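The sequence shown begins at 100 in this note's numbering and counts up one residue at a time.
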Amino acid sequence: MSLNSFGAATQLSVGDKSYKIYDLKAVPGTEKLPYSLKILAENLLRNEDGENITKEQIAQIANWDPDAQPSQEIQYSPARVLMQDFTGVPCIVDLATMRDAVVNLGKDPDLINPQVPAEMVIDHSVQIDVFGSKDAVEKNMDIEYQRNQERYQFLRWGQGAFENFRVVPPGTGIVHQVNIEYLARVVFADKDEEGALAYPDTLVGTDSHTTMVNGLGVLGWGVGGIEAEAAMLGQPVSMLIPRVVGFKLTGEIAPGATATDVVLTITQMLRDHGVVGKFVEFYGEGVGAVPLANRATIGNMSPEFGSTAAIFPIDEVTIDYLHLTGRSEESCALVREYAKRQGLWHDPAHEARYSEYLELDLSTVVPSIAGPKRPQDRIELAMAKDSFKKILPDYVAGDKTIDPKLMRPTRPSQVKLAGGEEVVMDHGNVVIASITSCTNTSNPSVMMAAGLLAKNAAEKGLTPKPWVKNSLAPGSQVVRDYYEKAGLMPYLSQLGFDIVGYGCTTCIGNSGPLPEEVHNTVEGSDLTVVSVLSGNRNFEGRINPDVKMNYLASPPLVISYALAGTMDFDFETEALGTDNRGNPVYLRDIWPAAEEVEKVIGQAIDRDMYLQDYQSVFAGDHRWQSLEVPDSPTFAWDGDSTYVRRAPFFEGMPETPNPVKDISGARVLLKLGDSVTTDHISPAGAFAAKTPAGQYLSANGVERRNFNSYGSRRGNHEVMMRGTFANIRIRNQLLDNVEGGFTKDFTKADAPVVPVYDASVSYAQTGVPLVVLGGKEYGTGSSRDWAAKGTLLLGVKAVIARSFERIHRSNLIGMGILPLQFPEGESADSLGLDGTETFDISGITQLNEEVTPATMKVTAIKADGSVVEFDATVRIDTPGEAQYYRHGGILQYVLRNLVA
């Protein structure tokens, strides 16, 4: 119960019900705050306890200085935690392991339960093995259950064993789409000791695209699984009050442009501006003209431009969407009245004061794609062919068949396809065209545009090129419903875009294998081929191991590229084919008008679809219901399981933490450049038999065809630690011109080149601690806990980088790894470090005295005895993070507190 120092507790009447609320008007100054900070202020007001949250801290946020750099720490208590299965399974494994640890300490295992609602949507495990057939979705789900039976049984056990934990079974949809369509409350209706209580829906999620819910006016963002576990266990999230960027929207989207084009434009603008660690808040007259689905699309891409959150305020557009998606009249009324009472209702005439300002006239947005390896690298569609030709030589180094004058693909390769058709493939061929990902499949405007484009193309006799693997993975079953009601599914199927599953699929790296004859041609001729997907991530090595260049595009453009079959194509001047009369057909001939798209949306989408599809959302199909589930408070671990194993993080943990120590004699495991992402660090996608992970599974009797993916085996630390830093595109600067997860083993006299995991084993056996050297934006990308967990299990004690991505830096601390930053303007290269040195780091012991030093002394000793010294900035940014580090990690800290 809040101390209520400001006397803010009061009543809100909605219809015939009354709710206790904590009125922001009781705190002078909050009326001037941006929308997002008002939500944080209410959070503090409601949770004031005099210790973690004080009256003075509430006053600090009310008197927030938009021009100041973040320095004031607050304890934010999210109302709920959202998970997907790849990142969620390790969370539940850790909770189950914590129950074992509690039992070992002589306590009740039921001490370990989520203290706030925790919800998981299983959406990351379906892989596109079968495509281009009407039964693809059922066949892929059958394979999914065969591959993941152990994981799914474990999750069903967790749903029964843990209180306050719900699971949305496979085949339902993508977590963030299910969140905005069903799980999000916008305003919680709860209870406290005095009765009904209303407060804003807030959350943290184990996926960075949790920010999609920002489009609903819900404050939430992605955190590492480690932080999410702590939040589930009632620990507040320690954070600094952020700077808030006001992004003014004006105008309306022009004909021909889509919501995807808007979000790619905004992504580029905000990445160029620099918003890492900041909130972005949209305001202005143009906000009311932005449909909710477009708002969600923009919010979804927050990690791509680097902000913590990218939020829209609540208005009638929000209420209309809540009603459409099946929320009750009572719930919609509560959202409206609560938002208006608390000053959270959007008023275009009222402009809050922001730290920084940007503006976009939506009418200036033009059709775009992004790639070939970063979502912020936007390319106007009109320039796509020239851009591709310009960059192609970088991907085909040494290929003398590339004409330097024409700069065009010229390595024709004959291939006979499975159906007997003979075709010629070349550099730049699109081999994957996938409508996938929460970003776009949640948005009827772009999905319906894709369906209508498919109809127009099919009626003119156009077909995709035969080497393209096409797929359609809707974000929820509602998409299937409105495609069927609009009569568009047959045309999508005619073009090979049959539904393959309801999940992330290609966007998360589950594109599945290319057809064997295509794979053999790509590999045998060393072709640089392309994927085009409607996703949010296109980092190197993410989509498919055969594909080097990956482009993000709107759903209708995904189909358009499938028809073109190559990136070496200009949609303005080149025909996609000929119609039944032999006339050339251009993209402009089949592109649907905006008015037609809106008309069909109005006719084909209704509230009943959402009510029907979500009425038994937690029940699952016959496959889920037939899983055998043990009934016990602790999990019966199977020692032979290669999917789910007891986590090692609490083994031998004492009730009080051991003092932290300085680091001495450390070796460099990897020396990395700029923009190393968590896709480079964290295991994801498929892996080969010759890799350490593959060798481990083979040694445990698993056949190659049953390896599944790293993501599906996230509950097994033995697989995941072997896959850390094993990305096929990572470049370790300890090695010359070598791609992949290799390094030098300096425990051997000749320092041989070996897999990263093998080197880590040698270092562990000889007692040598490890460090990683990094460049700018180290850890950019998804909020993947295994990027930090795997780093720890490899023996890494510290990461020294030029700068860190927010979530990964936090996750490193959460696993007891020290994040240090090179002095401003310096780098490993500028300091003359090549990674062959041994490193000492002093000053760590000061943390035992509850002092966090601003810098720590790093001494690098070269082979010839010469020394490089520098003062590294300590990136333990809050007192809470210092506590986690002292305890060896956030989970150890939480467990000790619960036991105490």
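Positions of the beta carbon are idealized from the N, C-alpha and C atoms, including for glycine.
Fair warning: this is a prediction, and the values are worked out from it, not measured in the lab.
Could you pull out every residue in the same chain whose Cβ sits closer than 8 Å to the Cβ of Ala953, ignoring the five residues on either side in sequence? Here the set comprises Thr972 and Val973.
Of all the options Phe185, Leu332, Val215 and Asn947, which has the alpha carbon lying nearest to the alpha carbon of Val274? Looking at the Cα atoms, Phe185 is the closest of the given residues.
Do three or more CB pairs link the region 188–204 to the region 738–750 at distances below 8 Å? With a cut-off of 8 Å, the region 738–750 and the region 188–204 count as touching, because enough Cβ pairs lie within range.
Is DSSP giving Val529 helix, strand or coil here? Correct three-state label for Val529: strand.
Would you call His449 buried or exposed, if buried means 16 or more other Cβ atoms sit within 10 Å of its Cβ? Classification of His449: exposed, given that the 10 Å Cβ count is below 16.
Close Cβ partners of Leu505 (< 6 Å) along its chain, the five nearest in sequence each way excluded: Low local confidence applies: a pLDDT of 48 at Leu505 is under 50, so the model's placement there is unreliable, with the coordinate-based value given in what follows. If we look at Leu505 and ignore the five residues flanking it on each side, it has no Cβ neighbours.
In terms of residue numbering, what span does the beta strand (DSSP E) encompassing Tyr453 cover? First-last for Tyr453: undefined, no H or E at that position.
Looking only at its chain, what residues have a beta carbon closer than 8 Å to the beta carbon of Ala981, apart from the 5 residues adjacent to it on each side? Excluding its 5 nearest sequence neighbours in each direction, Ala981 has C-beta neighbours in its own chain below 8 Å: Leu946, Glu949, Thr951 and Ile975, listed in chain order.
For Glu479, write down the residues that DSSP places opposite it in a beta bridge. The beta-bridge partner set that DSSP reports for Glu479 consists of Ser467.
Is the CB-CB distance between Phe287 and Ala297 below 8 Å? The beta carbons of Phe287 and Ala297 sit closer together than 8 Å.
On the three-pair Cβ rule with 8 Å, is the region 658–676 touching the region 518–533? A contact between stretches requires three or more CB pairs, one per stretch, nearer than 8 Å, and the region 658–676 meets this requirement with the region 518–533.
I'd like the span of the alpha helix (DSSP H) that includes Thr139, first residue to last. Sequence inspection shows Leu at residue 139; the Thr mentioned does not correspond to that position. Residue range Tyr134 to Arg145 is occupied by the alpha helix (DSSP H) that includes Leu139.
Grouping DSSP H, G and I as helix and E and B as strand, with all else coil, what is Leu930? Under the three-state reduction of DSSP, Leu930 is assigned to coil, being neither helix nor strand.
Within the same chain, show all residues whose beta-carbon is closer than 6 Å to that of Gly324, passing over the 5 residues directly before and after it, in chain order. Taken in chain order, the residues that qualify are Thr186, Pro189, Cys190, Thr305 and Asp884.
Please determine, among Gly942, Pro978, Phe969 and Leu932, the residue with the shortest C-alpha to C-alpha distance to Lys961. Answer by Cα proximity: Leu932.
Give every residue of the same chain whose Cβ lies closer than 6 Å to the Cβ of Ile152, excluding the five residues on either side of it in the sequence, and list them in chain order. Result list for Ile152: Leu143, Asn146 and Gln174, in chain order.
For Thr677, which residues from the same chain have a beta carbon less than 7 Å from its beta carbon, with the 5 sequence-adjacent residues on both sides left out? The beta carbon of Thr677 is closer than 7 Å to those of Pro683 and Val684 in its chain, skipping five residues each way along the sequence.
Are the Cβ atoms of Ile468 and Tyr601 separated by less than 8 Å? The Cβ atoms of Ile468 and Tyr601 lie no closer than 8 Å to each other.
With a 10 Å radius around its C-beta and 16 neighbouring C-beta atoms as the bar for buried, classify Arg804 as buried or exposed. It counts as exposed.
Would the region 696–714 and the region 211–221 be scored as touching if the rule is three or more Cβ pairs under 8 Å? Touching, no, given that fewer than three Cβ pairs across the two stretches are closer than 8 Å.
Beta-bridge pairing of Gln110 - partner residues as DSSP gives them: Residue pairing by DSSP places Gln110 opposite Lys119 in a beta bridge.
For Asp720, the three-state DSSP class (helix, strand or coil): Correct three-state label for Asp720: coil.
With three or more C-beta pairs closer than 8 Å as the rule, is the region 776–793 touching the region 153–164? Here the region 153–164 makes no contact with the region 776–793; the two share fewer than three CB pairs at distances below 8 Å.
Exposed or buried, which one is Ala900 when buried takes at least 16 other CB atoms within 10 Å? Ala900 comes out buried.
Kindly identify the DSSP beta-bridge partner or partners of Asn569. Per DSSP, Ala532.
Reduced DSSP category for Leu505 - H, G, I as helix; E, B as strand; rest coil: Low confidence applies here, because Leu505 scores a pLDDT of 48, under 50, leaving its location unreliable; read the following figure in that light. DSSP places Leu505 outside both helix and strand once states are collapsed to three, so it counts as coil.
For Leu869, which residues of its own chain have a beta-carbon under 8 Å away from its beta-carbon, when the five flanking residues on both sides are left out? Result list for Leu869: Ala765, Arg766, Val767, Leu768, Ser859, Tyr862, Leu893, Gly894, Val895 and Lys896, in chain order.
Quick check on this structure: which residue in His223, Ala432 and Val362 has the alpha carbon closest to the alpha carbon of Arg250? Nearest to Arg250 by C-alpha distance, out of His223, Ala432 and Val362, is His223.
Assigned exposure category for Met331 - 16 Cβ within 10 Å defines buried: With 16 or more Cβ atoms within 10 Å of its Cβ, Met331 is classed as buried.
Work out the CA separation of Arg641 and Gly608 for me, nearest whole Å. Spanning the two alpha carbons is a distance of roughly 5 Å.
With DSSP as the reference, please indicate the residues paired to Glu172 in a beta bridge. For Glu172, which the question treats as bridged, DSSP gives the partners Leu339.
Mapping DSSP to helix, strand and coil, what is Lys347? Residue state, collapsed to three classes: strand.
Going straight from the alpha carbon of Gly979 to that of Ser512, what length do you get? About 58 Å.
Give me whichever residues DSSP pairs with Tyr877 in a beta bridge. Within the DSSP bridge table, the entry for Tyr877 names Phe903 as partners.
Reference Thr755, options Gly988, Ala395, Asp371 and Glu237, closest by Cα: Looking at the Cα atoms, Gly988 is the closest of the given residues.
Three-state secondary structure assigned by DSSP to Leu204: In the structure shown, Leu204 sits in coil (DSSP, three-state: anything other than H, G, I, E or B).
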